[in-house]
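Visitor: Protein chains in written order, with the UniProt record's numbering: chain A, 1 to 62; chain B, 1 to 399. We put the beta carbon where it would ideally sit given N, CA and C, even for glycine.
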Amino acid sequence: MKVVVDMNKCQDHGQCVFAAPDVFRMDDDGHLAYVPDPDDALRDEVEEAADVCPLQAIRIED
Amino acid sequence: MDARIVVAGASLGGLRAAEQLRAAGWTGGLTVIGDEPHMPYNRPPLSKEVLAGRAPLASLAFTPKASAADVEWRLGTRIVAARLAERTVELDDGSVMSYGGLVVATGTRPRRLRCPGPLAGRHTVRTLDDARALRDELTRPGVRVVVVGAGFIGCEVAATAVGLGAAEVTVVDPLPLPMVGPLGDLLALVLLKRHEERGVRFLLGGGVAAFAGDDRVTGVVLNDGTTLSADVVVESVGSLANTEWLEGNGLDLTDGVLTDEHLRVGGRPNVVAVGDVARFPNARYDGVPRRVEHWSIPTDSARHAAKVLVGADAGLAPFAPLPTFWSDQHDFRLQSFGAPALGLDDIRVLDGDPDAGDVLVGYHCHEQLVGVVALGGQAAARGAARYRADLLKQPALTA
Ligand SMILES: Cc1cc2nc3c(=O)[nH]c(=O)nc-3n(C[C@H](O)[C@H](O)[C@H](O)COP(=O)(O)OP(=O)(O)OC[C@H]3O[C@@H](n4cnc5c(N)ncnc54)[C@H](O)[C@@H]3O)c2cc1C
Ligand code: SF4
Numbered sequence: 001m002k003v004v005v006d007m008n009k010c011q012d013h014g015q016c017v018f019a020a021p022d023v024f025r026m027d028d029d030g031h032l033a034y035v036p037d038p039d040d041a042l043r044d045e046v047e048e049a050a051d052v053c054p055l056q057a058i059r060i061e062d
Numbered sequence: 001m002d003a004r005i006v007v008a009g010a011s012l013g014g015l016r017a018a019e020q021l022r023a024a025g026w027t028g029g030l031t032v033i034g035d036e037p038h039m040p041y042n043r044p045p046l047s048k049e050v051l052a053g054r055a056p057l058a059s060l061a062f063t064p065k066a067s068a069a070d071v072e073w074r075l076g077t078r079i080v081a082a083r084l085a086e087r088t089v090e091l092d093d094g095s096v097m098s099y100g101g102l103v104v105a106t107g108t109r110p111r112r113l114r115c116p117g118p119l120a121g122r123h124t125v126r127t128l129d130d131a132r133a134l135r136d137e138l139t140r141p142g143v144r145v146v147v148v149g150a151g152f153i154g155c156e157v158a159a160t161a162v163g164l165g166a167a168e169v170t171v172v173d174p175l176p177l178p179m180v181g182p183l184g185d186l187l188a189l190v191l192l193k194r195h196e197e198r199g200v201r202f203l204l205g206g207g208v209a210a211f212a213g214d215d216r217v218t219g220v221v222l223n224d225g226t227t228l229s230a231d232v233v234v235e236s237v238g239s240l241a242n243t244e245w246l247e248g249n250g251l252d253l254t255d256g257v258l259t260d261e262h263l264r265v266g267g268r269p270n271v272v273a274v275g276d277v278a279r280f281p282n283a284r285y286d287g288v289p290r291r292v293e294h295w296s297i298p299t300d301s302a303r304h305a306a307k308v309l310v311g312a313d314a315g316l317a318p319f320a321p322l323p324t325f326w327s328d329q330h331d332f333r334l335q336s337f338g339a340p341a342l343g344l345d346d347i348r349v350l351d352g353d354p355d356a357g358d359v360l361v362g363y364h365c366h367e368q369l370v371g372v373v374a375l376g377g378q379a380a381a382r383g384a385a386r387y388r389a390d391l392l393k394q395p396a397l398t399a
């Protein structure tokens, strides 16, 4: 699975981190870091993260 | 269940309901009916980035999931009535549509002030068209703005207006502090100060008696008789649930549509409600049904209600979301987790310094943490994540 976060949109809300902690995390400066090619087993989590992102910045490509 | 599922309301709740019905295994017909002409779009930026001109209108549209590609969208169409016993809804073109399942997702609309005076020049912010119209007025040079109502939306609009260079921005509210109802006085005082430092004026403790002007508003007359000059007025005095179309079915429609602990309406297995319009008991708290106007609720409730509607709810625990809210004002952000309003009598600073604008505040009920609000910087945000985990672990609150 391929995940893309539009970093121009992302405002570091961190909601995605709660939904899918294996894929998204906040780095030491409070900015978003993420795994761009997570395992397919994490799809449900990642879809939930995409749903809860207030800026709708997360896209799942295939 | 056969026939089709009708989703009433084509905003966030309606979209998520459609997507989650497909995810829950519903392969039958699915129609979403909404009275706005637009596909579902994101409302929070309407009082923030969109009003400020930092986000193009086109960026607001949600991208529906592929699973919802075959959903039928009937936009620009209003449901005028429902007959639940007959399983039908009536549309504004006079046609009647039958359903096997119904999702109520008609949300809310702004409450309006009923004072005498002209209507022109008075705005509310709920829809894309509202935000567009208000932006046109706020960007006029030298504009004087009066915001009536010091809740979240009012304070966001005031902050945005200052940012746009409005000549005067005044917020009026009968309550003594901004956002004090949901946040309590500790944070409300801090926020008042921060708004004032950034150029917003507050006239608190008194209401609006009338609007001055003939064809168009020129001022706001307060209860104490003073008149504030105004070129533009924004009314942000709460919201009313869109439930009129459900009348005549014996439902409890006092402040939204009442649901049971699984979001079912009127004891019917084939009718559920989601989002702003639903007045539901939250099993996490005291079981008192409440409407919760947070952006997180349409998504959470649609996930639950879809399972219930398609009968995939064996062993499903009662709906118990952790409410989540944020608000951006000037250069600061508020993030709220849980139900601070249930813990206003016992507010404690958990971390940071309120005056420095980087603080984490905890709300308690019977010594139990029920809500956390972070204001400002990264320390607050990081702390909030830790306390959010605590909130999720708390036992249910008993009244
Ligand atoms: C300006 C603004 C800023 C906000 N900011 C934040 C924020 O920062 N953080 C946060 O957590 N939340 C925020 N919110 C709240 C959040 O946007 C709402 O909780 C969310 O939009 C609710 O979605 P919904 O689908 O339940 O209802 P709505 O979005 O109200 O959708 C209901 C839809 O149903 C339609 N409808 C109504 N009656 C009928 C009918 N009879 N027939 C057909 N269609 C009908 C309506 O026109 C509307 O399109 C904000 C809201 C606004 C307005
Ligand atoms: S939820 Fe969205 S805005 Fe927030 S950090 Fe994740 S991607 Fe960025």
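Using 8 Å as the cut-off, can you tell me whether the stretch 265-277 of chain B makes contact with the stretch 11-31 of chain B, which would need three or more C-beta pairs spanning the two stretches below that distance?
Guide: yes
Visitor: Just by C-beta distance, which residues in the stretch 39-62 of chain A are closer than 7 Å to chain B?
Guide: D51, V52, P54, Q56
Visitor: Is it buried or exposed for A/K2, if we count other Cβ within 10 angstroms and need 16 for buried?
Guide: exposed
Visitor: May I ask you to verify whether the stretch 155-168 of chain B touches the stretch 241-251 of chain B, counting CB pairs closer than 8 Å and requiring at least 3?
Guide: no
Visitor: Given this structure, state the Cα-to-Cα distance separating B/P45 from A/V5, to the nearest angstrom.
Guide: Their backbone Cα atoms lie some 18 Å apart in a straight line.
Visitor: Please identify the residue among B/V288, B/D345, B/Q20, B/R140 whose C-alpha is closest to the C-alpha of B/V103.
Guide: B/Q20
Visitor: Return the residues of the stretch 284-316 of chain B that lie within a Cβ-Cβ distance of less than 8 Å from chain A, sorted by chain order.
Guide: W295, S296, T299
Visitor: On the DSSP letters alone, give me the boundaries of the beta strand (DSSP E) that B/R348 sits inside.
Guide: 347-353
Visitor: Can you tell me where the alpha helix (DSSP H) with B/L189 in it begins and where it stops?
Guide: Looking at the DSSP string, the run of the alpha helix (DSSP H) that includes B/L189 is 185-197.
Visitor: Can you grab the Cα-Cα spacing for the pair A/Q15 / B/Q335, in whole Å?
Guide: 10 Å
Visitor: By DSSP, does B/V232 sit in helix, in strand, or in coil?
Guide: strand
Visitor: Count the other C-beta atoms from every protein chain shown that fall within 10 angstroms of the C-beta of B/T299, then say buried if there are 16 or more, exposed otherwise.
Guide: Looking at its Cβ environment, which holds 16 or more other Cβ atoms inside 10 Å, B/T299 is buried.
Visitor: In this structure, what does DSSP give as the bridge partners for B/E90?
Guide: B/A81, B/V96
Visitor: Out of B/L191, B/S236, B/R201, B/H294, state which residue places its alpha-carbon closest to the alpha-carbon of B/P110.
Guide: B/S236
Visitor: Is the beta carbon of B/V257 closer than 8 Å to that of B/A120?
Guide: no
Visitor: Quick one: give me the first and last residue of the alpha helix (DSSP H) that B/T299 is part of.
Guide: 296-309
Visitor: Using a Cβ-Cβ cut-off of 8 Å, state whether A/F18 counts as contacting chain B.
Guide: yes
Visitor: Using the three-state DSSP reduction, which class does B/P110 fall into: helix, strand or coil?
Guide: strand
Visitor: How many Å lie between B/V361 and B/V169 at the Cα?
Guide: 28 Å
Visitor: In whole angstroms, what separates the C-alpha of B/R198 from that of B/V162?
Guide: Distance between the alpha carbons of B/R198 and B/V162 is about 8 Å.
Visitor: Could you check if B/Q20 belongs to the surroundings of ligand 2, using beta carbon to heavy atom distance under 7 Å?
Guide: no
Visitor: Have a look at B/D355 and B/G151 and give me their C-alpha separation to the nearest angstrom.
Guide: Their backbone Cα atoms lie some 21 Å apart in a straight line.
Visitor: Under the assumption that B/P178 contacts B/V171 (Cβ atoms under 8 Å), give the Cβ distance between them as a whole number of angstroms.
Guide: 7 Å
Visitor: Taking B/T160 as part of the alpha helix (DSSP H), name the residues at either end of that continuous run.
Guide: 152-163
Visitor: Applying the 10 Å Cβ sphere with the 16-neighbour rule, what's the burial state of A/A33?
Guide: It counts as exposed.
Visitor: Using DSSP bridges, identify the partner residues of A/V57.
Guide: Here residue 57 of chain A turns out to be Ala, not Val, going by the sequence shown. Looking at the DSSP assignment, A/A57 forms no beta bridge with any residue, so it has no partner.
Visitor: Can you tell me the Cα-Cα spacing of B/W73 and B/V32, whole angstroms?
Guide: 5 Å
Visitor: By DSSP, does B/E367 sit in helix, in strand, or in coil?
Guide: coil
Visitor: Using DSSP bridges, identify the partner residues of B/R333.
Guide: Paired residues: B/D328.
Visitor: Which word fits A/D44, buried or exposed, when buried means at least 16 other C-beta atoms lie within 10 angstroms of its C-beta?
Guide: exposed
Visitor: Check B/S11 in the structure and name its three-state DSSP category.
Guide: coil
Visitor: Does B/F280 come out as helix, strand or coil in the three-state DSSP assignment?
Guide: strand
Visitor: Which residues in chain A sit within 7 Å of B/A381, going by Cβ to Cβ distance?
Guide: G14, G30
Visitor: Under 8 Å by Cβ, that's how I've got B/H262 and B/P318 pegged, so tell me the actual separation to the nearest angstrom.
Guide: 6 Å
Visitor: So that I know if they touch, is there some Cβ in chain A lying closer than 8 Å to that of B/A396?
Guide: The Cβ of B/A396 sits no closer than 8 Å to any Cβ of chain A.
Visitor: How close, in whole Å, do the beta carbons of B/V372 and B/F337 come, if the pair is a contact with beta carbons under 8 Å?
Guide: 5 Å
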